[in-house]
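Chemist: In our numbering, the protein residues as written are 994 to 1190.
1. Counting Cβ pairs closer than 8 Å, one from the stretch 1061–1081 and one from the stretch 1033–1048, do we hit at least three?
2. By how many angstroms is the C-alpha of residue 1180 removed from the C-alpha of residue 1112?
3. Use the C-beta contact count for residue 1102: other C-beta atoms within 10 angstroms, 16 or more gives buried, fewer gives exposed.
4. Using 8 Å as the threshold, is the C-beta distance between residue 1091 and residue 1183 below it?
5. Return yes when the Cβ of residue 1082 is within less than 8 Å of the Cβ of residue 1176, no when it is not.
6. Would you report the Cα separation of residue 1048 and residue 1024, rounded to the nearest angstrom?
7. So, with DSSP's three-state summary, where would you put residue 1137?
8. State yes or no: is the C-beta of residue 1067 within less than 8 Å of the C-beta of residue 1151?
9. Kindly list the residues whose CB is nearer than 8 Å to the CB of residue 1187, restricted to its own chain and excluding five residues on each side of it in sequence; keep chain order.
10. I need the straight-line Cα distance from residue 1134 to residue 1166, nearest angstrom please.
11. Could you tell me the alpha carbon to alpha carbon distance between residue 1017 and residue 1137, rounded to whole angstroms?
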């Protein structure tokens, strides 16, 4: 599978937001970006030898930030229904690992770019979109976080970078695989992907 969405815009794509007590989606994003940046900016973790420690500190944030099931279900779309319950559970776990491994180095390369938060927009009673921008010395990169409220918590279910949706991008890849292969073969592809990285 190809690696989508390269560049500095990936900076905090996967380690952005962990759930907090219900509040405005924008507040949730801001609060949790701060938590991630504290890890990335920690002077004690600047050395290359501290890379694994940074990953360990970011991993719990990653594990809690997304609605993993919602992300997986939306990514597979109609194909979600072709997986049985154990296959769905494995897909959720494998997809999480693929995303983490694909983007962790990009996140760790954060070099103090400025993050600007724009006004959130409610998409429905329990869904919202929070637009942000990463501002570098030469350009501004728009990143929008699509969020859903479940059990009183706002969680991310999609990230849109420069008008490219993470969910849509992976959906295209998985649709191509499932057009010619079984769900078990998709899972095997993901298992291999996780082992290779």
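Beta carbons: idealized from backbone N, C-alpha and C, even for Gly.
Modeler: Let me spell this out:
1. No: fewer than three Cβ pairs fall under 8 Å.
2. For residue 1112 and residue 1180, the distance between alpha carbons rounds to 39 Å.
3. The C-beta of residue 1102 has fewer than 16 other C-beta atoms within 10 Å across all chains shown, which makes the residue exposed.
4. In this structure, residue 1091 sits near residue 1183, with a CB-CB distance shorter than 8 Å.
5. It is not a contact, given that the beta carbons lie outside the stated cut-off.
6. Those two C-alpha atoms are separated by around 20 Å.
7. Three-state result, residue 1137: strand.
8. In this structure, residue 1151 lies closer than 8 Å to residue 1067 by Cβ.
9. Cβ contact annotation for residue 1187 (same chain, cutoff 8 Å, sequence separation greater than five): 1087, 1090, 1091 and 1094, in chain order.
10. Residue 1134 and residue 1166 have their C-alpha atoms spaced approximately 24 Å apart.
11. In a straight line, the C-alpha of residue 1017 is about 15 Å away from that of residue 1137.
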